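Asks:
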Amino acid sequence: MTEEDIAFLAQMVRRRSGLILPANKARLVVGQLAPVARRFGFRDVASLIGDLRHGRESLARAVAEALTTNESSFFRDKTAFDHFRAEILPQLLGARAKTKRLRIWCAACAAGQEPYSLAMLLDEAKLAAQGWMIDLIATDFSSDMIARAEEGLYTHFEVQRGLAIRRLVAHFTQEEGNWRINENLRRMVMFRQFNLLDSYGWLDDLDVVFCRNVLIYFDHKTKADVLDKIADALAADGTLLLGHTESVRGLSEVFVPLDHAPMLFVKGKAQALKMAVVG
Amino acid sequence: MKNCLVVDDSRVIRKVACRILQDLHFSTDEAEDGIAALAQCRAHMPELILLDWNMPNMNGIEFLKTLRKERGGDQPVVVFCTTENDVAHITEALGAGANEYIMKPFDRGIIEAKLAEVGLV
């Protein structure tokens, strides 16, 4: 691939997904695009990029999806889930006791491990039996990932990272060498392909947003725009969870990190004080 | 430094597991079956036992049941590490007092994740 090819690709991917392709990742990009080249019948990645310049929509979409990072695991960064279970959820159950309705969004769900981890916690809390309605919405830029998540089938290696054996036995069914998430949990999650650069009009009144390890791939302006849109979609007393290396500093006037849990963000200092008391 | 007793009749598996555990800052001892493992536990109870299921002389589940009745035998964290990957075996192991369960084949990532699960890394 030439430098010009890389620059063209970087511009296209940035426009489509917001993803910043570092110039030094050219070799990695070739590896990620090789399966796409094969699928579309190209001799090599250079030929694929040549064709991409003609604006073929299905190819451009497949390329942008292939260059996203889909690394995930069940209960990844366990602390975030501990905060959800021990602080965020009890606070919400009190605040929403009248409506008995919760709306949770996993903004970049990859193959579904994050929403299914939440579904396990919600199932273990036995909220449905107490009459709670829970909208657990999970989106990802990649339609391949959404299809995998909906299938809910995980390998021997995937279920052994982050998932306690008791949860594996309780929430999965063995299928030959793999493990399938049980139907009751699968039905708890609504999966949908979604680009974080698009309009969030359909995502209103959210109580919790998990948007972890996504912003790191965006430039400053895209990060700020995404945070603004999340702020609009989040309820006044809602909580945003970012990855443990991510921050809102210099990006958002709305979100305030919690002192005791710096990956948790709420809207404004008054709400942060309230959550500090709960925490 | 915490001590782990690796119990497996395969010398290769013991060696691979010990290397990973040492990387994770455990001291390691080895036993090739349940009887040898019990003798070692009676002399010195480890913090962690990585335990195979199918072994000659005394298998993993027999060892675990005996261990949990021994004085101080409730202390070690026991993580099965076996090719017996079906729900019936897993359930039996948990019922006998296993804390976690690794399905072979394993790699460093799996061992590390499972030890995190039981609070040892």
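Line order of the protein sequences matches chains R and G.
Heads up: the first sequence begins at 0 in numbering that gives the first Met the number 0, then just goes up one per residue.
Heads up: the second sequence begins at 0 in numbering that gives the first Met the number 0, then just goes up one per residue.
C-beta: ideal position from N, C-alpha, C; glycine also.
Fair warning: this is a prediction, and the values are worked out from it, not measured in the lab.
1. Would you give the residue range spanned by the alpha helix (DSSP H) that PHE62 (chain G) belongs to?
2. Output the distance between the C-alpha atoms of PHE284 (chain R) and LEU196 (chain R), rounded to the nearest integer angstrom.
3. Are the C-beta of ALA85 (chain R) and some C-beta of chain G separated by less than 7 Å?
4. Among the residues of its own chain, which have a CB less than 7 Å from the CB of PRO75 (chain G), if the five just before and after it don't count?
5. Can you tell me whether ARG52 (chain R) is buried or exposed, with buried defined as 16 or more other CB within 10 angstroms of its CB?
6. For chain R, find out if any of its Cβ atoms is closer than 7 Å to the Cβ of ILE48 (chain G); answer yes or no.
7. Using DSSP with H/G/I as helix, E/B as strand and the rest coil, what is GLU50 (chain R)?
8. Return the residue from the list R:GLY54, R:ARG55, R:ALA128, R:LEU66 that minimises the CA-CA distance to ALA9 (chain R).
9. Per DSSP, TRP178 (chain R) is paired with what?
10. Ends of the alpha helix (DSSP H) at GLN39 (chain G)?
11. Going along the chain, which residues of its own chain have a beta-carbon closer than 7 Å to the beta-carbon of SER71 (chain R), five neighbours each way excluded?
12. For the region 25–43 of chain G against the region 62–71 of chain G, do three or more pairs of beta-carbon atoms, one drawn from each stretch, fall closer than 8 Å, so that the two count as touching?
13. Spell out the partners DSSP gives ASN2 (chain G) in its beta bridges.
14. Verify the CB distance criterion: does GLY161 (chain R) have a CB-CB separation below 7 Å to chain G?
15. Determine the burial state of LEU272 (chain R): buried for a count of at least 16 other Cβ atoms within 10 Å of its Cβ, exposed for fewer.
16. Is DSSP giving ARG55 (chain R) helix, strand or coil here?
17. Anything in chain G within Cβ reach of VAL168 (chain R), meaning under 7 Å, just list it in chain order.
18. Return the CA-CA distance between ASN2 (chain G) and PHE74 (chain R), expressed in angstroms with no decimal places.
19. For chain G, is any of its Cβ atoms less than 7 Å away from the one on ILE164 (chain R)?
20. Does DSSP put LYS268 (chain R) in a helix, in a strand, or in coil?
21. Kindly say whether HIS282 (chain R), judged by its beta-carbon, lies nearer than 7 Å to any beta-carbon of chain G.
22. Could you please tell me which residues of the region 33–44 of chain G, in chain order, have their CB closer than 7 Å to any CB of chain R?
23. Would you please state the rounded distance, in angstroms, between the beta carbons of LYS266 (chain R) and ALA230 (chain R)? I believe it to be under 8 Å.
24. Can you tell me whether HIS24 (chain G) is buried or exposed? The criterion is at least 16 other CB atoms within 10 Å of its CB, across all chains shown.
25. Mind checking the region 41–71 of chain R against chain G and listing, in chain order, the residues whose C-beta falls within less than 9 Å of any C-beta there?
Replies: The relevant details are as follows:
1. 59–68
2. Chain R is shown only over 0 to 278; residue 284 (chain R) falls outside these bounds and no answer can be derived.
3. no
4. MET44, PRO45, GLU46, LEU47, ILE48
5. exposed
6. no
7. Residue identity differs from the one stated: residue 50 (chain R) is Asp in this sequence, not Glu. Helix at ASP50 (chain R).
8. R:LEU66
9. R:TYR153, R:GLN173
10. 33–42
11. ALA109, ALA110, GLN112, GLU113
12. yes
13. G:SER26
14. yes
15. exposed
16. coil
17. VAL86, ILE89, THR90
18. 27 Å
19. yes
20. helix
21. Shown here, chain R extends from 0 to 278; a query on residue 282 (chain R) therefore has no answer.
22. none
23. 6 Å
24. exposed
25. none
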